[in-house]
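In the numbering used here, the protein residues as written are -15 to 400.
Notes follow the structure.
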Amino acid sequence: MDTGFDVAALRPHLARIRGRRAAMEALIRRWAAINSGSGNRAGLAAMADALAEAFAPLGTPERRPLPAVAAVAADGTVREEATGDLLVLTRRPEAPRRVTLAIHYDTVYGPDHPFRTVREAGADTLVGPGVADAKGGIAVLLHALLALEDSPFAAGIGWRVLLNPDEETGSRASAAAMVEAAAGADFAMLYEPALEDGTMAGARKGSGTFALVARGRAAHAGRDFAAGRNALTALAGAILELDALNGRDDGVTVNVAGVEGGGPVNVVPDLALARFNVRVPTPGDAARVTAALARITAGLNARDGIRAELHGGFGRPPKVADARQQHLQAWVGGLGDALGIPVRWRDTGGCCDGNNLAAAGIPNIDTLGVRGGRIHSDGEFVRLDSLEERATLSAALLMAAGAGAFVPPGAAGDRP
Ligand SMILES: [Zn+2]
């Protein structure tokens, strides 16, 4: 896309990011040493403190408590689970262009996980928990904003940073607060890791996580078998129906991932539950699957002596490549080309907070974080030679938007 904007004006200001690699690496090392697994409230609080300290040059982040969310336990009961705070930092909300920068500070590694230390793997690679997903991204975000604020383009753009504590468990507590806090932004920038070669995510499937609980009636397997109603075998039938939803609609997948229930062999089991995840490319697919799940649950309830409940829902709507999203990607791609940081896109079945922001009408680029890989494993790594490059790309987007170079589709001035 020809943005009609000369990136040469940005170069002297972007040049300041050269030499910041060590500062970003130091932040990543410090943050990766703090365990902030999604369920670790003390660790999340410590991480929030560390973030507030690092962001202090830009202001004091506001800490917004988030609501508890329901979780289905193995015994079928529902309990409330609390999480950490949403950190919010805002500057120039009245500026002509507004952008939301967001990323999570939780990781998939709980306090009991053996992967807890950072180590070097060659000159340009750091291995450690959360170094790419997404603590490296937070460092990139911070340094991009510092560069923007040091530039004359800052006056043209207002920004809001959102750092949430529960993305790795689906942002169930933070999703609504994130969407509300991002309202009014022209676009959003999220700092999930890019692939090792820099490829970023385009369209993303939506995701729903569910628990289907079946209850029957316990009875002695020898004395009174006929009085029993077997929740386990009833649920087994429903599981096969769930699995049969695969292959019907293009790209729709149902992964039955866990089963709990049953017990001693001399008792007809009165409780069983299945946990499953559904991925859908379009909102229409989500509606069709929702109807199918209601049918399967109703089928269970229609059986003699069986009661069934379905918990969960589509917490991540699909992120589709609509016109606004394509417009933003074309603008980012054009700017990347002009900077010598070529941008490639690949659609993915994975989800992130970009799904929810896109569904709320805020187009976004969600993989502006570091280049890295093996995330969610004990080999997670960040490419340290990507830190300055990624901060430069983000700073350039912010500066160019501040200079008026981003024009939303349909806005006055968006004419050839
Ligand atoms: Zn992530």
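Built from N, CA and C at the ideal position, the CB exists for glycine as well.
- Judged by DSSP in its simplified three-state form, Val238 adopts strand.
- Contact between the stretch 358 to 375 and the stretch 271 to 289 is absent, with fewer than three C-beta pairs closer than 8 angstroms.
- For Arg201 against Ala187, the beta-carbon gap comes to about 47 angstroms, at or over 8 angstroms, which does not count as contact.
- Here Thr67 carries a coil assignment [DSSP, helix/strand/coil].
- Assignment of Asp331 by DSSP, reduced to helix, strand and coil, places it in the strand class.
- Here Leu132 carries a helix assignment [DSSP, helix/strand/coil].
- With a threshold of 16 other beta carbon atoms within 10 Å, Thr376 meets it and is buried.
- Judged by their CB atoms, Leu352 and Ser378 are nearer to each other than the 8 angstroms cut-off.
- Distance check between Leu294 and each of Ala198, Leu382, Asp227 and Arg5 places Ala198 closest, using alpha-carbon atoms only.
- Counted as a single uninterrupted DSSP element, the stretch harbouring Arg47 is not any alpha helix (DSSP H) but the beta strand (DSSP E) occupying residues Glu46 to Arg48.
- Excluding five sequence positions before and after Pro77, the CB atoms of its chain that fall closer than 6 angstroms to its own CB belong to Gly142, given in chain order.
- Short note on Cys335: C-beta not closer than 7 angstroms to any heavy atom of ligand 1.
- Note that the C-beta distance between Gly356 and Val115 is below 8 angstroms.
- The beta carbon of Glu151 sits closer than 7 angstroms to at least one heavy atom of ligand 1.
- The alpha-carbon separation between Ser20 and Glu151 amounts to approximately 12 angstroms.
- CA-to-CA, the gap between Leu226 and Ala215 works out to about 16 angstroms.
- Just so you know, the alpha carbons of Ala123 and Ala58 end up roughly 38 angstroms apart.
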